[in-house]
Amino acid sequence: MRAGAEFFTQPSGSAQRRYEAMRAYFVDEWPATRVADQFGYSTASVHQMATLVRTGRMRLFADAKPGPKGPTKATGALRDKVVSLRAGKRSVTQIAQILTRQGTPVSAQTVWKICDGEGLPRLRGDDATPRGPASRLAPVKAAALDGWPARTLELHCDHAGLLLLAPAMAELGLHKLISSCGYPSTRQLQAWHSLGTLLLAAATRVGRAYHIDRITDDAGLALFLGLTALPKATHLATYSYRVRRAASQRLLSGLVQRLRPLGLATGETGFDLDFHAIRHHGDDPVLEAHHLPSRSQRTRSVLTFFAGDHASDEMVYAGADITKTEQAREIIAFADYWQAATGTDPGLLVFDSQLTTYKILDELHARGITWLTLRQRGNKELARLAALPASAWKRHTTDRAGRYRHPTCTKTPSPSKASPRRSARSPSATSAATSPPC
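Each residue of the sequence shown is one higher than the one before, starting from -2 at the first, in my numbering.
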């Protein structure tokens, strides 16, 4: 070999090394082991590179980048164009844009160098381009509007459908009721402003207070509540921690008293009662473990209790952060609440068989409160139902919309272990699809 052959036999660059290795493998037909030893590859790497070359997925040479290789030089033709455009009182930025559109890409700095070389002074428009960080708009803070609600304004509203709630809220006197329940307020915002915003968020199905930003920029909703802007997520999240249970119970009691004259939340056909565990997603919570049906496991969670009117589906009572020691007596707490709100004990109570204990059921029986438990459907219960004769079943018609309005039911006396004088009747059905809506 001649002098200088080491440039090809011992390449220093990675690209050239790959090229020489593949040339020896394909052209000189060296075995893969010899190519690997000569150029410092493993045998597997040689075979892999050969496969990439065959399939066209390896580029041994980099293509040169198209386009100009350096800054545009101020040639005589370019100077004449710049001077001609400058005579029309155009700024350097405008001249650069015009020349770029004409096929001569040039920067504003190059245009200025040409103008400076020709002795042309600066124009006022040359320095009009804004520099530095982008300007920020001052945030609009929520505050009460002066003269509301007598003051009228015409504003765009992206969620105008929520304004359909206004007549019902005004008829119930909701803003006055909230103001009288002892909810916290600030120097700028009344309790009605904060709770009204949370109510609008709930009506738009916003799952969390932190997701409320989708409606906080709506000026029309802000005017509806008498504000310059709706409160943001930070205020609402902090506000929810300041609310106490006593204020919420006063609000629910006031709502029930206002709804009953309208034929709502009467409780004449009974109430549906149930617990609901809300899973905690933080770290090291000081919470008890409750069963989550959606996950089929027990985990740290907040236990809540709800009572809804059986006929109108209005929620008339709610409790949160219930401990295991308080769980069984929560149904008594609801009965006491309804007695205080309406002056009478609640009517028929429908709940799951695991909701409370026999001792609490005796208390309900002593107060004359009727109740109905939904029996758990285990394998033994399903087998017992399947063995019943056809005459034990009766077809019913329920006044509800949708499917499954004609369930087939049976009534079976179930004597209480705690009180032989009382018998509970639990509706059961042949399948989950035909179970009565209770």
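Glycine included, each C-beta is placed from N, C-alpha and C at the ideal position.
Query, Result
"Closest residue to residue 236 among 252, 257, 189 (Cα-Cα distance)", "189"
"Spatially closest choice to residue 245 from 294, 89, 309, 313, by CA coordinates", "313"
"Cβ neighbour criterion (16 or more within 10 Å) applied to residue 414", "Note that residue 414 has pLDDT 46, beneath the 50 cutoff, so the model's placement of it is unreliable and no number is given."
"Neighbour-count burial assignment, residue 78, 16 or more Cβ in a 10 Å radius", "buried"
"Beta-carbon proximity of residue 228 to residue 186, cut-off 8 Å", "yes"
"The beta strand (DSSP E) enclosing residue 187, as first and last residue numbers", "First-last for residue 187: undefined, no H or E at that position."
"Alpha-carbon to alpha-carbon, residue 383 and residue 343", "35 Å"
"Status (buried if at least 16 other CB within 10 Å, exposed otherwise) for residue 48", "exposed"
"Reduced DSSP secondary structure (H/G/I, E/B, other) of residue 306", "strand"
"Residues of its chain near residue 80, where Cβ-Cβ distance is below 7 Å and the 5 sequence neighbours each way are ignored", "115"
"Residue interval of the beta strand (DSSP E) (run including residue 101)", "Run containing residue 101: none; DSSP gives neither H nor E here."
"Stretch pair the region 348 to 365 + the region 379 to 395: three plus CB contacts closer than 8 Å", "no"
"Endpoints, beta strand (DSSP E) assigned at residue 20", "Note, residue 20: premise wrong, no beta strand (DSSP E); alpha helix (DSSP H) at 11 to 23."
"Identified DSSP bridge partners for residue 109", "None, per the DSSP bridge assignment."
"Euclidean distance between Cα positions of residue 14 and residue 35", "10 Å"
"Exposure label - residue 58; buried when at least 16 CB within 10 Å", "exposed"
"Buried versus exposed call for residue 52 [16 or more other C-beta atoms within 10 Å across all chains shown]", "exposed"
"Delimiting residues of the beta strand (DSSP E) encompassing residue 349", "346 to 349"
"Start and end residues, alpha helix (DSSP H) containing residue 232", "230 to 239"
"Distance CB(residue 396)-CB(residue 371) smaller than 8 Å", "no"
"Cα-Cα separation, residue 436 to residue -1", "The requested residue 436 is not part of the displayed model; the chain covers only -2 to 435."
"Whole-angstrom distance between residue 242 and residue 226, CA atom to CA atom", "28 Å"
"When 338, 333, 380 are compared against residue 361, the one with the closest alpha-carbon", "333"
"Cα-Cα separation, residue 260 to residue 196", "22 Å"
"Buried or exposed by the 16-neighbour rule on C-beta atoms within 10 Å, applied to residue 192", "buried"
"Chain-order list of residues whose beta-carbon lies under 6 Å from that of residue 2 (same chain, five-residue window excluded)", "none"
"Member of 109, 341, 326 whose CA lies at the smallest distance from the CA of residue 359", "326"
"Pair within 8 Å by beta-carbon distance, residue 96 and residue 103", "yes"
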